[in-house]
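Encoded as structure tokens, the structure appears first; notes follow it.
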Amino acid sequence: MLGLGLFLLCFALHVFANTEIVNFRVSEAREVDFPFTNQWPRLNYTHNDLEWDIRPAAYATPLKEVCEDKTPDALDPCPHELWILLDLRRDWSTYSSFTLRLSWPASYPADFSIQLYDPQALLNHFGVDPAQHRHLPTESNSRRRYRYARIRLVDTGVLTPRSSSSDGSKPVPVPFIITLEPLYFRVLPPSVLPVLGFIAVACIVAGLAVPKIHKYLNSVAVQAKKELAANGKHE
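Numbering (my numbering), first residue to last: 10 to 244.
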């Protein structure tokens with residue numbers, strides 16, 4: 010029964026929300042100061058989730074082609090993507106593995122793409138000359154562990170139910186929540202620990218209760234056999 014209940018719970022969560030998850034490891038990298046990232050939303054140990062909405066690219070647009078002609082210095086940033094700075098310092102400095110989880114309502118038909126960049130990969134992506142940006146002092150490298158997340162999305166169908174106020178000629182903005190968490194033992198995010206604790210307690214309780222229940226039912230069965238045998242003799 011417990012397994013069935015957990016299955017139904019997971020199925021219900023899947024029906025009402027879609028989820029995209031990326032797990033990644035942090036390795037030492039030479040940090041670079043990017044002035045254009047100062048305006049990007051930031052996730053860290055004190056603020057590890059973010060609510061946002063983005064208008065998806067037009068239906069049937071390949072995800073790889075979304076916002077490919079934009080640069081970080083553009084006055085009109087691409088409306089179909091979001092860049093986020095992931096600050097993995099301070100209380101998270103002892104963790105080497107993290108998970109980035111994005112969830113959005115299943116009623117919004119959209120495909121999301123999450124890409125992660127280290128400082129060097131970000132330089133390469135934007136075609137920026139490393140000489141144009143100031144490298145941080147060597148002693149600060151261990152304290153500044155930054156990664157950069159790029160989120161893009163494309164429309165995949167008809168909104169259900171269709172919003173009466175939306176323009177049918179273009180997709181409506183898709184609301185989503187993105188969460189950054191460290192991974193225990195490189196696989197377990199903190200948000201699942203209460204569920205695992207509940208399962209562990211349920212298993213312990215079941216382990217203690219099942220033998221007693223079995224013993225009680227066995228005694229009832231033995232008593233029933235005796236009564237049936239006694240009734241047979243009287244007949």
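Glycine included, every Cβ here is placed at the ideal spot set by N, Cα and C.
Quickly, what does DSSP pair residue i with across the bridge? List them, please.
| i | result |
| --- | --- |
| Q124 | R159 |
| D42 | Per DSSP, none; premise fails for D42. |
| V31 | L109 |
| R51 | L94 |
Could you check whether residue j and residue i sit closer than 8 angstroms to each other, using their CB atoms as the reference points?
| i | j | result |
| --- | --- | --- |
| T28 | S122 | no |
| I63 | V181 | no |
| A4 | V137 | The first residue shown for the chain is 10 and the last is 244, placing residue 4 beyond what the model contains. |
| R161 | E90 | yes |
| I93 | L52 | yes |
| R98 | R159 | no |
| E60 | I186 | yes |
May I have the straight-line CA-CA distance separating residue i from residue j, to the nearest angstrom?
| i | j | result |
| --- | --- | --- |
| L109 | D120 | 16 angstroms |
| E190 | F43 | 24 angstroms |
| A239 | L226 | 20 angstroms |
| V75 | L217 | 56 angstroms |
| T188 | C87 | 22 angstroms |
| C212 | D78 | 54 angstroms |
| F107 | S36 | 12 angstroms |
| C19 | P118 | Reliability fails at C19, whose pLDDT of 45 lies under 50, so the model's placement of it is uncertain and the value that follows must be treated cautiously. Roughly 20 angstroms between the two C-alpha positions. |
| A233 | A215 | 26 angstroms |
| Y68 | P50 | 27 angstroms |
| D100 | S228 | 57 angstroms |
Can you tell which of the options has the C-alpha that lies nearest to the C-alpha of residue i?
| i | options | result |
| --- | --- | --- |
| R34 | L192, C76 and T165 | L192 |
| A115 | H134, G216, T70 and T165 | T165 |
| N47 | F185, N133 and D96 | D96 |
| N32 | S228, Y104, Q232 and V167 | Y104 |
| R39 | P128, V229, F135 and A69 | P128 |
| K73 | K235, F135 and Q124 | Q124 |
| S102 | N133, H134 and Y54 | Y54 |
Note to self: Which runs of the beta strand (DSSP E) at least 3 residues long sit entirely within the segment 65-110? Give them in chain order.
What the structure shows: 90-96
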